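What follows is a short report on a single structure.
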Amino acid sequence: TGITAVAAGDRFTLALLSDGTVMAWGDNQFGQLGDGMRTDRDVPVQVEGLSGVTAVSAGGGHALALLSDGTVMAWGDNQFGELGDGNDTDSTVPVAVHRLSGVTSIAAGSFHSLAVTTGGTVEGWGQNDWGQLGNGSQTDSDVPGPVSGITTATAVAAGGQFSLGLLANGRVKAWGANEN
1467 TGITAVAAGD RFTLALLSDG TVMAWGDNQF GQLGDGMRTD RDVPVQVEGL SGVTAVSAGG
1527 GHALALLSDG TVMAWGDNQF GELGDGNDTD STVPVAVHRL SGVTSIAAGS FHSLAVTTGG
1587 TVEGWGQNDW GQLGNGSQTD SDVPGPVSGI TTATAVAAGG QFSLGLLANG RVKAWGANEN
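Residue numbers 1467 to 1646, in the numbering used here, belong to the letters of the sequence shown in order.
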């Protein structure tokens, strides 16, 4: 009870509670439930060490939590650096995303992550094979880096291999894979 937001990942679910904590259930192969284990759960378990959470996002096998102080925590699959903690080692408990503050919005894609800052810029990290980090390269990054050419973002969305940014003027910019 007391759920204020939910997020669905690839075979796992997150629920943000009104007290600022997070519950998770489902597949836990990569530690994406954040309970310090790799055991699948068919009932909700509390994500360890989180409080003051204002938003959650679930990706392919990783999760993000935006804290009230504007920082971001991440846990789960990290094969492409999608946790943003400077390495590619999975984490079964939340870790701080490096060099990221003043965040207002988050999004977790299949293997990449995005964040909007108070200044309207967008930061991206993780897999970048299709340019989904928007930095003009196709090199993965295990720490956040700026998306080129966006200065008025208000929200982001992350798909499998592409990204979207909602701008203050109501327009949307897109980058990454475009096969379909």
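Ideal Cβ placement from N, Cα and C applies to all residues, glycine included. As the structure is a computational prediction, the values presented were derived from the model and not from experiment.
Checklist line | Nearest residue (CA-CA) to residue 1581, options 1605, 1512, 1555, 1523 | finding: 1523
Notebook entry, point to check: Count the other CB atoms within 10 Å of the CB of residue 1604; is the residue buried (16 or more) or exposed (fewer)?
Noted result: Exposed, by the Cβ-count rule.
Notebook entry, point to check: Would you call the segment 1555 to 1568 and the segment 1522 to 1542 touching, i.e. three or more CB-CB distances under 8 Å?
Noted result: yes
Item checked: Assigned secondary structure, residue 1620 (DSSP; H/G/I helix, E/B strand, else coil) -> strand
Check: Roughly how many angstroms lie between the CA atoms of residue 1497 and residue 1528, to the nearest whole one?
Finding: Inter-residue distance for residue 1497 and residue 1528 is about 8 Å (C-alpha atoms, whole angstroms).
Note to self: Nearest by alpha-carbon distance to residue 1470: which of 1515, 1520, 1514, 1478 is it?
What the structure shows: Closest by alpha carbon: 1520.
Notebook entry, point to check: What's the gap between the Cα of residue 1505 and the Cα of residue 1495?
Noted result: 7 Å
Notebook entry, point to check: residue 1517 and residue 1487: beta carbons closer than 8 Å?
Noted result: yes
Check: Around the C-beta of residue 1492, are 16 or more other C-beta atoms found within 10 angstroms, so that it is buried, or is it exposed?
Finding: buried
Check: Could you give the distance in angstroms between the alpha-carbon of residue 1632 and the alpha-carbon of residue 1621?
Finding: Distance between the alpha carbons of residue 1632 and residue 1621: 5 Å.
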